[in-house]
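Sequence lines, in order, name chains A and B.
Residues -5 to 108 in my numbering are what the first sequence lists, from first letter to last.
Residues 14 to 126 in my numbering are what the second sequence lists, from first letter to last.
This report refers to the structure that appears directly beneath it.
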Amino acid sequence: QKEVEQDPGPLSVPEGAIVSLNCTYSNSAFQYFMWYRQYSRKGPELLMYTYSSGNKEDGRFTAQVDKSSKYISLFIRDSQPSDSATYLCAMSGLIKAAGNKLTFGGGTRVLVKP
Amino acid sequence: DTEVTQTPKHLVMGMTNKKSLKCEQHMGHRAMYWYKQKAKKPPELMFVYSYEKLSINESVPSRFSPECPNSSLLNLHLHALQPEDSALYLCASSHPGQGTEQYFGPGTRLTVT
């Protein structure tokens, strides 16, 4: 079993709909949670960063973390065709090693149709 | 400014060639990373530098040799690569320590012939 599970999609939605993405994880040591957007053949772009449980909103994006269920979500409101991309969740924990090792989900491909 | 730059954007090299990938950031980050990403897969960590010292090597073959000349630059030296090493190579940076956000560069698309 992978440490972080993410549905690969593709997730196809009409323009203007809410996109709902999620990841589940098994390692209770994870404390820091990130969502990245990656366009084809480009580097990942950091969208949201949250620490521990709770919600965080930034413009059209809302990130939720439920540590008791080991479940994180990303919601995109008023989706646009430009939101079509692969979305990667990533997380890290309280580790002593120098640096910050991220564990990624496999990514969900999202298609927003005009 | 959250920009990480990488050069070159594309690289084609033969199995006997020696080449280098370069990464630069000016965000004052003291942790820098190399990742390898194959198509339709998430990035895989290769190396981590913290305060210009190699802190993590994820059992990467010796044909990949990282170098961190200063706090802003990170190189990846390539020698005697195999066709299966063809991938997108990503550089990232962050503040060192636990739980800090990593910012990625655009990547170098490497093809080994």
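Glycine included, every Cβ here is placed at the ideal spot set by N, Cα and C.
| said: Which residues of the segment 25 to 48 of chain B have a Cβ closer than 8 angstroms to any Cβ of chain A? Give them in chain order. | reply: Listed in sequence order: 44 and 46.
| task | Select from the segment 102 to 118 of chain B all residues with a C-beta closer than 9 angstroms to any C-beta belonging to chain A, and list them in chain order. | result | 103, 104, 105, 107, 108, 109, 110, 111, 112, 113, 114, 115, 116, 117 and 118
| Opposite residue 103(A) in the DSSP bridges: which residues? | As a first step, residue 103(A) must be located in the first sequence, where it is residue number 109. 80(A).
| field | residue 38(A) versus residue 23(B) - alpha carbon distance | value | What you label residue 38(A) is simply residue 44 of the first sequence in a count that begins at 1. What you label residue 23(B) is simply residue 10 of the second sequence in a count that begins at 1. Rounded to the nearest angstrom, the two C-alpha atoms are 17 angstroms apart.
| Under the three-state reduction of DSSP, which class applies to residue 21(B): helix, strand or coil? | Your numbering for residue 21(B) matches position 8 in the second sequence. In the structure shown, residue 21(B) sits in coil (DSSP, three-state: anything other than H, G, I, E or B).
| Check whether residue 100(A) and residue 21(A) have beta carbons under 8 angstroms apart | Numbered from its first residue, the first sequence carries residue 100(A) at position 106. Numbered from its first residue, the first sequence carries residue 21(A) at position 27. No, they are not a contact pair.
| query | Under a CB-based cut-off of 8 angstroms, is residue 81(A) close to chain B? | reply | Position 87 of the first sequence holds residue 81(A). Chain B contact via Cβ: absent.
| query | For residue 108(A), is the classification buried or exposed, using 16 other Cβ atoms within 10 angstroms of its Cβ as the cut-off for buried? | reply | In the first sequence, the residue the question calls residue 108(A) occupies position 114. It counts as exposed.
| Near-chain B residues of the segment 25 to 45 of chain A - C-beta to any C-beta below 8 angstroms | 25, 26, 28, 30, 35, 36, 37, 38, 39, 40, 43 and 45
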